[in-house]
Amino acid sequence: MSEAAFTAFPRRRGTLHAEGVALARIADGVGTPTYVYSAGALRARYRALARAFAATRATICYALKANMNLAVVRTLVAEGAGADVTSGGELFRALRAGADPARIVYSGVGKRDDEIDAALRAGIRLFNVESRAELRRLDARAGELGVRAPVAFRVNPDVDPKTHPYIATGLRTSKFGIPIDEAPDAYAEAKALPNLRVAGVDCHIGSQLVEVSPFADALARVRALVLELRSTGHAIEIVDVGGGLGVTYTDEIPPSADAYAAAVLGAVGDLGCEIILEPGRWLTAGAGVLLTRVLYEKGNDAKRFVVVDAAMNDLIRPALYESAMKIEPVEDVAGETRAVDVVGPVCESGDFLAKDRLLPPLSHGALLAVDSAGAYGFAMSSNYNARPRAAEVLVDGDRFAVVRTRETYEDLVRGESIPTEITG
Ligand SMILES: *Cc1c(COP(=O)(O)O)cnc(C)c1O
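Under the numbering used here, the sequence shown has 548 at position 393, and the numbering climbs by one with no breaks.
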């Protein structure tokens with residue numbers, strides 16, 4: 156089966172479905188806006204990637220930050236995924252979803268002591284360390300807890316991933332990792348610290364990469380570093396190649412899993428290392444849609460707007476990265492298409508889901524689906540404008556479950572109080 160063979164959101168008799176469930180049925184039962192995920196699509200993507208790396212010792216550590224819903228993480232963990240976490244909260248979620256600590260790696264440019272302690276206590280596989288200052292903190296905390304922390308440095312190979320500047324992380328000017336030419340000294344320091352065990356080398360150069368060459372270039376430099384480190388007595392047994400593999404939102408043509416695997420293994424496959432992968436977007440983006448209802452249309456002689464009940468607080472990618480996401484009516488609509496901006500109710504001009512999109516006439520209550528919204532959708536949502544966050548639904552075959560209930564107004568004020576001594 157090819158990775159594209161599973162159709163998560165088929166259109167049947169003019170109606171968009173999630174697997175076997177009509178999206179209109181979910182909208183009627185759960186309301187809108189709602190994120191809908193396909194368990195089948197998550198499994199198909201995981202299996203395609205696992206198959207591409209089947210010939211080598213590879214561990215797929217799902218990058219939770221793309222979509223941290225427990226049911227989504229659980230679906231991937233049940234397939235064999237580990238987790239890549241970037242905070243204590245993500246570690247908590249990964250463990251709650253049943254991830255094996257021996258398959259959890261912890262990345263991130265700033266780790267608090269309590270977060271380090273939680274990961275040490277859990278006995279995770281690898282700390283991806285992003286500075287020498289962090290290395291010393293980690294050594295101190297491990298000493299305090301009486302354990303040895305397995306470490307890799309996240310090295311910055313200074314490669315341009317040719318993606319949006321906000322999601323490029325491997326340039327010399329980026330806040331992430333350490334410059335690769337400083338790595339030998341940093342590893343020497345790591346080796347000298349008593350409570351650490353040097354285990355690998357890590358690199359993550361950016362997200363939504365649609366070419367293999369930046370991966371190949373970065374990993375060629377990582378390979379040279381591994382050889383150099385080995386020659387100076389470091390036992391490097393893991394190469395963590397990060398995440399970043401891109402997906403199709405509109406007309407991008409990203410590399411296939413097989414092409415990606417060929418590039419990775421072509422660069423570092425002969426080192427005899429375990430390969431750790433940290434895919435986020437690639438596993439979840441296409442497995443989700445955001446369901447939203449049309450409130451009304453408005454227009455003037457210059458512009459036509461479709462105002463919907465989802466907004467930038469629900470899905471910030473268009474506003475934050477100027478990313479184009481496909482939007483389609485859930486029910487086939489007759490009538491001539493016209494260019495419209497699809498906008499939300501939030502009081503910001505940046506609050507749009509799409510610009511100049513050809514859509515048919517849409518009346519009050521019509522359902523729209525924003526495609527490929529399974530990654531960095533709900534995960535980046537907020538309560539801006541005091542908007543309760545959306546519900547999340549997981550579909551498996553012809554059944555669905557609400558896997559996160561829609562927030563209520565009471566949820567919005569949870570934890571807040573009005574102190575009488577101060578306000579009178
Ligand atoms: C965000 C991130 C990932 C996942 O990136 P995707 O583009 O979603 O695959 C992996 N590793 C690290 C360190 C990250 O910060």
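Even for Gly, the Cβ is constructed at its ideal location relative to N, Cα and C.
Kindly indicate which residue of the options has the alpha-carbon position closest to the one of residue i.
i	options	result
P305	A277, P334, L178, L426	A277
K330	A207, D526, G263	G263
A205	P410, A457, S193, I431	I431
L178	D553, E562, Y564	D553
I181	E576, T575, A524	A524
G184	R493, A509, A226, L446	L446
P543	L374, R561, S527, S386	R561
D340	P320, G235, E245, E383	E383
L197	R212, K346, A226, T170	A226
D450	R168, G253, P188	Rather than Asp, the amino acid found at residue 450 in this sequence is Leu. If we check each option's Cα against that of L450, P188 comes out closest.
T170	K458, R292, I408, P484	P484
A218	P312, A207, L231	L231
T318	T439, R167, E407, R292	E407
A209	V394, L420, L438, S368	L420
R385	T405, A354, G332	A354
V269	G427, G361, F370, R296	According to the sequence displayed, residue 269 carries Asp and not Val. If we check each option's Cα against that of D269, R296 comes out closest.
G427	D456, P574, V394, L351	V394
V381	D425, A414, N350	D425
V314	V462, R376, G441	R376
D336	V310, R287, P316	V310
K481	V488, P473, D487	P473
Y261	G253, V191, G237	G237
P616	F533, L364, P516, C216	Limits of the chain in this structure are 156 at one end and 579 at the other, which puts residue 616 out of reach.
A521	A465, L351, A213	A465
Y404	T387, R436, L374	R436
R258	A221, G361, R212, D294	R212
T563	A541, T578, G579	A541
F533	A494, S504, M223, H519	M223
N350	I391, T387, G298, S504	G298
R459	V497, V488, R448	V497
Residue i bridges to which residues according to DSSP?
i	result
K510	The partner list for K510 (beta bridge, DSSP) is empty, contrary to what the question assumes.
F282	Y261, V306
I393	G355, E429
K453	F460
R493	L514
V191	V444, V548
I471	Beta-bridge pairing links I471 to no other residue.
V176	A173
E483	A524
R167	T170
V488	BP columns for V488 are empty, so no partner.
V498	V462, F507
L400	L364
Going by the CB atoms, is the gap between residue j and residue i shorter than 9 Å?
i	j	result
C358	V396	yes
E433	G398	yes
V550	S242	no
E571	V557	no
V444	S527	yes
G499	L513	no
I279	P256	yes
L290	A345	yes
G332	F308	yes
A274	F282	yes
Y539	N455	no
R200	V228	no
A530	T439	yes
A207	A442	no
R287	R352	no
D294	L348	yes
A145	D506	Residue 145 lies beyond the range of the chain shown here (156 to 579); nothing can be said about it.
E477	L517	no
S362	T324	yes
A252	F555	no
A379	I360	no
P410	A422	no
E429	T214	yes
Problem - Segments of 3+ residues assigned as beta strand (DSSP E) that fall wholly inside the region 517-560 - result: Listed in chain order, the beta strand (DSSP E) runs fully inside the region 517-560 are 522-525, 546-551, 554-559, counting runs of at least 3 residues.
Exercise for the section: Taking only runs that begin and end inside the region 223-273, name each unbroken alpha helix (DSSP H) of 4 or more residues, in chain order. Expected result: For the region 223-273, whole alpha helix (DSSP H) runs of length 4 or above, ordered along the chain, are 225-234, 243-251.
Exercise for the section: Give, in chain order, every unbroken run of the beta strand (DSSP E) that is at least 3 residues long and sits entirely within the region 307-367. Expected result: Runs of the beta strand (DSSP E) inside the region 307-367: 351-357.
Problem - Any beta strand (DSSP E) of 3 or more consecutive residues that is wholly inside the region 196-225 - result: 213-218, all fully within the region 196-225.
Practice task
Just jot down, in chain order, the residues whose CB lies closer than 5 Å to any heavy atom of ligand 1.
Solution key: Residues with a Cβ closer than 5 Å to any heavy atom of ligand 1, in chain order: A218, A221, S262, H359, S362, G397, G398, G399, E433, P434, G435, R436.
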